[in-house]
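Residues in the sequence shown are numbered from 7 upward in steps of one, following the numbering used here. The C-beta atom is built at its ideal place from N, Cα and C for all residues, glycine as well. Beneath this line is the structure, given in structure tokens, with notes to follow.
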Amino acid sequence: MLLLDLMSEGPAYRQLSELAELSGLSLPTVHRLLRSLVLAQLIEQQERTSRYGLGPELARLSQRYLARLPIIGALSPYLVPLRNEINATIHVGILVRGSVVYVDRVDSTTTGVFRGSHRTEPALATAAGRVLASRSSDEDWARAVSRSDSPTRPLPPEARKEWSESPFLVVDGTVSANPEIAVPVFDGSGTVCAALAASLTAPADQATITLFSKHLTETASAAGRTLGHG
């Protein structure tokens, strides 16, 4: 897991010696682990440079995981109607090791040719990530803080409490290149299992934020009821 995590960040391919240095493991140990991962196609090795990068099997495993994720099925019927109601790009995010992973998306009718589907961002740089991280375990919160892109701007101590108690959160263009508003989605046990977000066009006025939060909350509640009956 350590080697896969290292290769998920930074350059697409890394040298064996670099992986050994970053992991703190010996060269023979890293080489042995990499050989096993290459055989499983979780990692691939470039023939020309002998560098290592993430392998194609991860894509298949990711699709299998998402296909059986209950929240995807619960939210799916509501995403297009929600997009049509507010004419904004809709995202579904989950928290994974301190990052927010956007696992579903419906584009607005005004979206350009570029699509950032299945993108991953440091959790605290996004509204969806803040919704999830602030309501997560202490360990997951610590991971999110460690992955923050703003180490020179420490979080105020009250940030987690304020974010976890807010019915919705907004991150504007001064914090992220992807301004958005997000609300939590609760499963049948009352645990936050995802964040439902909508992209904002900066600067967003209060009327737009109020409208978006209303429709996002209604959709999240409907999906939560579906999960509760599942």
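Let me check understanding here. Comparing Cα to Cα, which of the options lies closest to residue i?
i: Q47; options: G30, G79, I77, L10; result: L10
i: L72; options: E27, S219, A200, P190; result: A200
i: R231; options: P76, E164, A129, S154; result: P76
i: V176; options: E53, P185, L12; result: P185
i: T116; options: S195, S142, L206, E50; result: L206
i: L33; options: H97, L22, L43; result: L22
i: S154; options: P162, P128, E145, T197; result: P128
i: R57; options: E164, V36, H97; result: V36
i: S152; options: R103, L12, P62; result: R103
i: A133; options: G99, P87, A80, D211; result: G99
i: L8; options: P17, L39, A18; result: L39
i: R149; options: L202, Q51, S105; result: S105
i: K60; options: E168, L31, G79, G16; result: In the sequence on display, residue 60 carries Leu and not Lys. Selected option, being the one with the closest Cα: G16.
i: P190; options: R54, T223, P162; result: T223
Considering just the uninterrupted stretch of the beta strand (DSSP E) at residue i, what are its terminal residues?
i: P17; result: Looking at the DSSP string, P17 is not in any beta strand (DSSP E), and its letter there is neither H nor E.
For residue i, which three-state DSSP category applies?
i: R221; result: Looking at the sequence itself, residue 221 is His, so the reference to Arg does not match. If DSSP states are grouped into helix, strand and coil, H221 belongs with the helices.
i: V119; result: Unreliable positioning characterises V119 in this predicted model, as indicated by a pLDDT of 47, which lies under 50. The coordinate reading is nonetheless provided below. Reduced to three states, the DSSP call for V119 is coil.
i: G30; result: coil
i: L175; result: strand
i: S105; result: strand
i: E164; result: coil
i: A228; result: helix
i: T158; result: A caution first: T158 carries a pLDDT of 45, below 50, which makes its placement in the model too unreliable to give a value.
i: A210; result: coil
i: G196; result: coil
Spell out the partners DSSP gives residue i in its beta bridges.
i: R111; result: H97
i: Q51; result: Y58
i: P190; result: A201
In terms of residue numbering, what span does the alpha helix (DSSP H) encompassing residue i cover?
i: G135; result: 133-140
i: A80; result: 76-92
i: A150; result: 144-152
i: E127; result: Taken as a continuous stretch (DSSP letters only), E127 belongs to no alpha helix (DSSP H), being part of the beta strand (DSSP E) at 126-128.
i: E63; result: 63-73
Using a Cβ-Cβ cutoff of less than 7 Å, which residues in the same chain neighbour residue i once the five nearest sequence positions on both sides are dropped?
i: I92; result: A204, L217, F218, H221
i: S142; result: L101
Among residues of its own chain, excluding the 5 on either side of residue i, which ones have a beta-carbon nearer than 8 Å to its beta-carbon?
i: W147; result: A139, S140, R166
i: T158; result: With a pLDDT of 45 at T158, under the threshold of 50, the modelled position of this residue cannot be trusted; read the value that follows with caution. Excluding positions up to five away in sequence, the list is empty.
Excluding five sequence neighbours on each side, which residues of the same chain lie with their C-beta closer than 6 Å to the C-beta of residue i?
i: V119; result: Its pLDDT being 47, under 50, V119 is placed unreliably by the model, and nothing is read from it.
i: I96; result: L85, L88, R89, V112, A204
i: V107; result: I100, T126
i: A80; result: A229, T232, L233
i: A94; result: S114, A204, S205
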